[in-house]
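Chemist: Position 81 of the sequence shown, counting from 1, maps to 80 under numbering that gives the first Met the number 0, and the rest follow consecutively. Structure in structure tokens, see below.
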Amino acid sequence: MISYNLTCAFGHVFEGWFGSSADYDDQQARGLVACPVCDNTVITKALMTPNVTAKSNQKSGPAPMNNPSAHHPTRLTSAEVPPQERSVMPSSPPMAPTVTAEMVVTPEMMEAAAKVMAEMRKVQSTIERQCDDVGDSFAEEARKIHYGESEARGIYGRTTEAEAEDLLDEGIAITKMPWLPKEQ
Numbered sequence: 000m001i002s003y004n005l006t007c008a009f010g011h012v013f014e015g016w017f018g019s020s021a022d023y024d025d026q027q028a029r030g031l032v033a034c035p036v037c038d039n040t041v042i043t044k045a046l047m048t049p050n051v052t053a054k055s056n057q058k059s060g061p062a063p064m065n066n067p068s069a070h071h072p073t074r075l076t077s078a079e080v081p082p083q084e085r086s087v088m089p090s091s092p093p094m095a096p097t098v099t100a101e102m103v104v105t106p107e108m109m110e111a112a113a114k115v116m117a118e119m120r121k122v123q124s125t126i127e128r129q130c131d132d133v134g135d136s137f138a139e140e141a142r143k144i145h146y147g148e149s150e151a152r153g154i155y156g157r158t159t160e161a162e163a164e165d166l167l168d169e170g171i172a173i174t175k176m177p178w179l180p181k182e183q
């Protein structure tokens with residue numbers, strides 16, 4: 000068995016256990032490795048310090064930390080993400096944490112995360128049923144609705160952080176929401 004610290008495109012860090020590094024590579028290539036928090040499948044290995052048993056004549060303890068920034072999870076830019084995954088990418092990567100914490104995920108935590116994901120999927124399903132998907136034209140269509148150039152209705156879609164800020168500055172009420180990939 001081999002354990003990897005993994006990071007999704009949204010910056011969630013989690014641990015994954017695999018039979019071998021080849022098993023990880025195979026599952027990753029087939030899109031079977033997903034974040035337990037957000038179900039994102041754009042996953043990278045975070046830098047890890049190997050756990051090597053010390054010889055009896057050496058002190059045990061963590062390896063020296065020569066490069067503190069090396070322990071931060073890898074962040075992907077949208078250019079590094081395959082086109083089919085870009086719709087689930089945040090418009091800008093989250094800031095790297097200043098402290099990386101290790102965490103053991105218990106079955107209760109996994110159950111709670113699954114409940115949150117189920118609720119988010121319900122909200123997303125309601126939005127998909129009751130609102131119009133305007134895709135990448137979100138900012139343009141939101142302005143048309145706000146200024147009375149288009150019928151008032153619920154819409155959803157994608158926009159950049161800069162466009163979202165511009166909409167808010169213009170007094171156009173919008174809400175950001177993580178968009179989950181379709182269940183497989």
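Glycine included, each C-beta is placed from N, C-alpha and C at the ideal position. This one's a predicted model, so the numbers in the text were calculated from it and none came from an experiment.
Touching or not, the stretch 154-162 and the stretch 126-135, by the rule of three or more beta carbon pairs under 8 Å?
Modeler: Taking a cut-off of 8 Å on C-beta distances, the stretch 154-162 touches the stretch 126-135, as three or more cross pairs fall below it.
Chemist: Note down, in chain order, each residue of its chain lying with its Cβ closer than 8 Å to the Cβ of VAL32, except the 5 sequence neighbours on either side.
Modeler: Here residue 32 corresponds to residue number 33 of the sequence shown, with the count starting at 1. The answer, listed in chain order, is LEU5, GLY15, TYR23, GLN26, THR40, ILE42.
Chemist: Residues in its own chain within less than 8 Å of ILE171 by CB, not counting five upstream and five downstream?
Modeler: Position 172 of the sequence shown, counted from the first residue, corresponds to residue 171. Same-chain partners within the cutoff: ALA141, ARG142, HIS145.
Chemist: Could you give the distance in angstroms between the alpha-carbon of LEU179 and the alpha-carbon of VAL36?
Modeler: The residue labelled residue 179 in the question sits at position 180 within the sequence shown. The residue labelled residue 36 in the question sits at position 37 within the sequence shown. Roughly 11 Å separates the two Cα atoms.
Chemist: Check whether the Cβ atoms of ALA138 and ALA113 sit closer than 9 Å, and answer yes or no.
Modeler: As a position in the sequence shown, residue 138 is number 139, starting the count at 1. As a position in the sequence shown, residue 113 is number 114, starting the count at 1. Contact: no.
Chemist: What did DSSP end up calling THR6 once you bin it into helix, strand or coil?
Modeler: By one-based count along the sequence shown, residue 6 stands at place 7. In the three-state scheme derived from DSSP, where H, G and I count as helix and E and B as strand, THR6 is classed as strand.
Chemist: Name the two residues that bound the continuous alpha helix (DSSP H) containing ILE194.
Modeler: Here the chain comprises residues numbered 0 to 183, so residue 194 is not present and cannot be evaluated.
Chemist: So, with DSSP's three-state summary, where would you put GLU84?
Modeler: Locating residue 84 in the sequence shown gives position 85, where the first residue counts as 1. For GLU84, the predicted structure reports a pLDDT of 44, less than 50, and the residue's modelled location is therefore unreliable. The matter cannot be settled from this model.
Chemist: Who pairs with LYS44 in a beta bridge, going by DSSP?
Modeler: The residue given as residue 44 occupies position 45 in the sequence shown. Per DSSP, LEU5.
Chemist: Roughly how many angstroms separate the alpha carbons of THR52 and GLN129, rounded to a whole number?
Modeler: Taking the sequence shown and counting its residues from 1, one reaches residue 52 at position 53. Taking the sequence shown and counting its residues from 1, one reaches residue 129 at position 130. Note that THR52 has pLDDT 48, beneath the 50 cutoff, so the model's placement of it is unreliable and no number is given.
Chemist: Nearest by alpha-carbon distance to ILE126: which of THR174, VAL12, CYS34 is it?
Modeler: Counting from 1 along the sequence shown, the entry for residue 126 is found at position 127. That would be THR174, whose Cα lies nearest to the Cα of ILE126.
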